[in-house]
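A quick write-up on the structure given underneath.
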Amino acid sequence: MEQNADTNLKKRRIKLIDGRYMIFYTFEDQPALAPEEAPATRPEPEPKPQTEDDRFV
Amino acid sequence: MSELRWNPLLAEWVATATHRQERTFLPPTDFCPLCPTKKGGFPTEVPEGTYDIVVFENQFPSLRPDPLPPAVESTDLYPVRPSEGVCEVVLYSPNHTTTLADEPVEQIYKLVQVWTDRFIELGALDHVSYVFEFENKGEATGVTLHHPHGQIYGYPFIPPGIARELAQSRHHRARTGRCLICDILAEERLDGRRIVAENNSFVATIPFFARWPYEVHIYSSRHFQALSDMSSSEQQDVAAMLKMVLAAFDRLFDLSFPYMMVIHQRPVDGGVYDYYHFHIEFYPPLRTATKLKYLAGSEMGAGMFINDTLAEEKTSELRARIKPAVWAQREEDRD
Chain A
19 MEQNADTNLK KRRIKLIDGR YMIFYTFEDQ PALAPEEAPA TRPEPEPKPQ TEDDRFV
Chain B
43 MSELRWNPLL AEWVATATHR QERTFLPPTD FCPLCPTKKG GFPTEVPEGT YDIVVFENQF
103 PSLRPDPLPP AVESTDLYPV RPSEGVCEVV LYSPNHTTTL ADEPVEQIYK LVQVWTDRFI
163 ELGALDHVSY VFEFENKGEA TGVTLHHPHG QIYGYPFIPP GIARELAQSR HHRARTGRCL
223 ICDILAEERL DGRRIVAENN SFVATIPFFA RWPYEVHIYS SRHFQALSDM SSSEQQDVAA
283 MLKMVLAAFD RLFDLSFPYM MVIHQRPVDG GVYDYYHFHI EFYPPLRTAT KLKYLAGSEM
343 GAGMFINDTL AEEKTSELRA RIKPAVWAQR EEDRD
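Chains as they are written, first to last, in this note's numbering: chain A, 19 to 75; chain B, 43 to 377.
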């Protein structure tokens with residue numbers, strides 16, 4: 019088992035029957051310091067309506 | 043049979059991989075080879091179901107660490123080399139019916155960390171010069187398995203699409219002293235009409251030169267070259283930006299939106315690429331809810347894309363569907 023102390027990322031590597039590797043990643047106590055989300059950018063103009071013609075032409 | 047054949051007309055390698063003809067093709071949900079093996083069920087490729095993300099070598103690789111010798115001889119005009127490299131599959135979840143767009147932002151943050159780990163690990167291999175992380179989503183992009191997954195190719199050379207971006211970036215730096223993508227980002231911000239979303243560290247835009255109707259590019263605000271250059275805060279910000287863009291895609295036509303998503307970062311061949319700029323590109327094949335944008339004569343035969351739409355109008359549609367990504371821990375803190 020490998021572990022990254024900075025991220026609490028854990029890797030467990032196994033060998034499959036045909037010789038290929040498989041790595042299971044798990045995370046423990048994932049840092050909850052989510053950054054502040056900026057609002058969804060700038061003032062939004064009205065979306066362009068999609069007509070039936072536009073869908074099927 | 044698998045080998046790399048040189049195309050002297052375009053100066054690029056083509057991989058032959060005839061064994062891929064035999065790969066599983068759109069199996070019924072109950073027989074998905076990427077679901078965890080169930081007790082008493084048929085053995086899938088994944089023997090366990092307790093994981094956040096799982097990565098494994100592709101059963102039908104076009105590149106592999108121990109390739110067989112080429113089946114044909116090289117000539118001066120037609121060099122041939124073994125198809126050496128790596129092909130990995132990245133499962134986003136044990137849940138067959140989810141998509142990256144449906145996953146919480148926390149799970150996408152975990153995926154970003156796994157992408158980073160794979161970039162570092164594969165980038166350290168002598169026979170890998172470029173680590174290419176990507177996802178093909180939806181039958182419209184040619185997926186053969188619906189289980190939510192992406193892929194990673196470790197190429198033994200710098201692929202031509204990346205080489206072209208590197209050359210343009212290098213020439214721009216030599217000519218102006220500035221980064222090309224930093225300048226693109228500045229121009230998009232100045233205009234504003236093609237900005238889809240922005241957070242502390244990333245900007246999503248359908249750029250001026252988009253070739254596909256909903257071709258979103260996500261550029262880092264800070265100039266850096268690779269996933270491994272990101273701070274933890276930037277990793278969380280790119281996860282949040284991916285969540286916002288992916289969810290907005292699904293809201294466009296109220297369907298699970300198909301796309302090709304590719305991560306562009308510096309090569310890992312030991313060269314200096316400080317003029318390059320990390321970014322993510324999406325190529326969604328839909329141009330309306332029911333119509334596909336096909337790559338036809340002009341695109342394939344001449345290399346010139348014809349976009350039937352204006353980036354400014356498509357951005358407006360997509361931006362109207364952007365909602366902020368919500369982190370569960372922050373919501374709990376508020377309660």
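Even glycine gets a Cβ: it sits at the ideal position worked out from N, Cα and C.
Enclosing beta strand (DSSP E) for residue i [first to last residue]
i: B:I200; result: No beta strand (DSSP E) holds B:I200; DSSP gives it neither H nor E.
i: B:I95; result: 95-99
i: B:E177; result: 172-179
i: B:A57; result: 54-59
i: B:V245; result: 244-247
i: B:V185; result: Per DSSP, B:V185 belongs to no beta strand (DSSP E) and is neither H nor E.
i: B:T357; result: It is not in any beta strand (DSSP E) - B:T357 instead sits in the alpha helix (DSSP H) that spans 353-361.
Own chain residues within Cβ distance below 6 Å of residue i, not counting five before or after
i: B:Y256; result: P326, K356
i: A:I41; result: K29, R31
i: B:R212; result: Y317
Residue range of the unbroken alpha helix (DSSP H) whose run includes residue i
i: B:Q155; result: 147-165
i: B:V287; result: 274-295
i: B:L232; result: 222-233
i: B:T92; result: Per DSSP, B:T92 belongs to no alpha helix (DSSP H) and is neither H nor E.
i: B:S262; result: Segment 259-262 is the beta strand (DSSP E) holding B:S262; no alpha helix (DSSP H) there.
Any chain B beta carbon closer than 8 Å to residue i
i: A:M40; result: yes
Beta-carbon proximity of residue i to residue j, cut-off 8 Å
i: B:V88; j: B:V96; result: yes
i: A:Y43; j: B:D108; result: no
i: B:L227; j: B:V245; result: yes
i: B:R293; j: B:R363; result: yes
i: B:A186; j: B:T66; result: Going by the sequence as given, residue 186 of chain B is Thr instead of Ala. Yes, Cβ-Cβ distance for B:T186 and B:T66 is below 8 Å.
i: B:I74; j: B:T60; result: The sequence given here has Cys at residue 74 of chain B, not Ile. No.
i: B:P50; j: B:A370; result: no
Chain A contact for residue i (CB, 8 Å cutoff)
i: B:E99; result: yes
i: B:Q379; result: Absent from the structure is residue 379 of chain B, since the part of chain B shown begins at 43 and ends at 377.
i: B:D159; result: yes
i: B:V156; result: yes
i: B:I95; result: yes
i: B:K179; result: no
i: B:K335; result: no
i: B:K152; result: yes
i: B:E90; result: yes
Contact set for residue i: own chain, Cβ-Cβ below 8 Å, skip 5 residues either direction
i: B:D316; result: Q267
i: B:Q210; result: L222
i: B:R215; result: C221, L222, Y317
i: B:T183; result: P300, Y301, M302, P327
i: A:Q21; result: L27, K28, K29
Next on the checklist: Any contact between the stretch 128-141 of chain B and the stretch 91-108 of chain B? By contact I mean 3 or more CB pairs, one from each, below 8 Å.
Outcome noted: yes
Item to check | Touching by the beta-carbon criterion (3+ pairs, under 8 Å), the stretch 271-284 of chain B and the stretch 135-152 of chain B | outcome: A contact exists between the stretch 271-284 of chain B and the stretch 135-152 of chain B.
Checklist entry - Would you say the stretch 334-341 of chain B touches the stretch 194-207 of chain B, given that touching needs at least three Cβ pairs under 8 Å? => result no
Next on the checklist: Quick check: the stretch 303-311 of chain B against the stretch 159-175 of chain B, are at least 3 beta-carbon pairs closer than 8 Å?
Outcome noted: yes
Next on the checklist: For the stretch 135-148 of chain B against the stretch 157-169 of chain B, do three or more pairs of beta-carbon atoms, one drawn from each stretch, fall closer than 8 Å, so that the two count as touching?
Outcome noted: Counting Cβ pairs under 8 Å, fewer than three are found: no touch.
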